[in-house]
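Since the structure comes first, as structure tokens, the remarks are kept for the end.
In this note's numbering, the protein residues as written are 112 to 228.
This is the structure we're talking about:
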């Protein structure tokens, strides 16, 4: 085996021995997350909380209301669910608020010259 097939088989074996983990950080005043059953509820500045069902095969946990930890055997599934969560409110470049991967550096921009004084 070589190439893509080898990589997929290797990821399956690795996922069973040590689950794949992806951590997301929620940053912003009043932004928080919690888990109710098989649903992840996120409050991120919309008029309503966003409720996302947690797919089968993924174990989610919330730490200090601002860190979402995703674990699973399938690398693709864990990464896709993490990307879907981040896509709800990606980090914005001016204040850095939003959902980001743990350790992700967000490129910050300078606002208007007169704003914020």
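Every residue, glycine too, gets a C-beta built ideally from N, C-alpha and C.
Do residue 151 and residue 213 have their C-beta atoms closer together than 8 Å? Within the chain shown, numbered from 1, the residue matching residue 151 stands at position 40. Within the chain shown, numbered from 1, the residue matching residue 213 stands at position 102. No, they are not a contact pair.
Going along the chain, which residues of its own chain have a beta-carbon closer than 7 Å to the beta-carbon of residue 185, five neighbours each way excluded? As a first step, residue 185 is located in the chain shown; it is residue number 74 there, counting from the start. If we look at residue 185 and ignore the five residues flanking it on each side, its Cβ neighbours are 126, 168.
When we look at the beta-carbon of residue 207 and count the other beta-carbons within 10 Å, is it buried (16 or more) or exposed? Mapped onto the chain shown, residue 207 falls at position 96. Answer is exposed; the Cβ neighbour count stays below 16.
From the DSSP secondary-structure annotation, give me the bridge partner or partners of residue 121. Translated into the one-based positions of the chain shown, residue 121 becomes position 10. According to DSSP, residue 121 bridges with nothing at all.
Report the rounded CA-to-CA distance for residue 139 versus residue 171, giving the unit in angstroms. As a first step, residue 139 is located in the chain shown; it is residue number 28 there, counting from the start. As a first step, residue 171 is located in the chain shown; it is residue number 60 there, counting from the start. Distance between the alpha carbons of residue 139 and residue 171 is about 21 Å.
For the beta strand (DSSP E) holding residue 209, just list the boundary residues, first then last. As a first step, residue 209 is located in the chain shown; it is residue number 98 there, counting from the start. Start and end: 209 to 212.
Which same chain residues end up closer than 7 Å to residue 130 when comparing Cβ atoms and leaving out the 5 residues on each side of it in sequence? Taking the chain shown and counting its residues from 1, the one referred to as residue 130 is at position 19. Closer than 7 Å at Cβ, skipping near neighbours: 182, 183, 184.
Beta-bridge pairing of residue 183 - partner residues as DSSP gives them: As a first step, residue 183 is located in the chain shown; it is residue number 72 there, counting from the start. Paired residues: 131, 169.
For residue 142, which residues of its own chain have a beta-carbon under 6 Å away from its beta-carbon, when the five flanking residues on both sides are left out? Position 31 of the chain shown, counting from 1, holds the residue named residue 142. Excluding sequence neighbours, residue 142 sits near 155.
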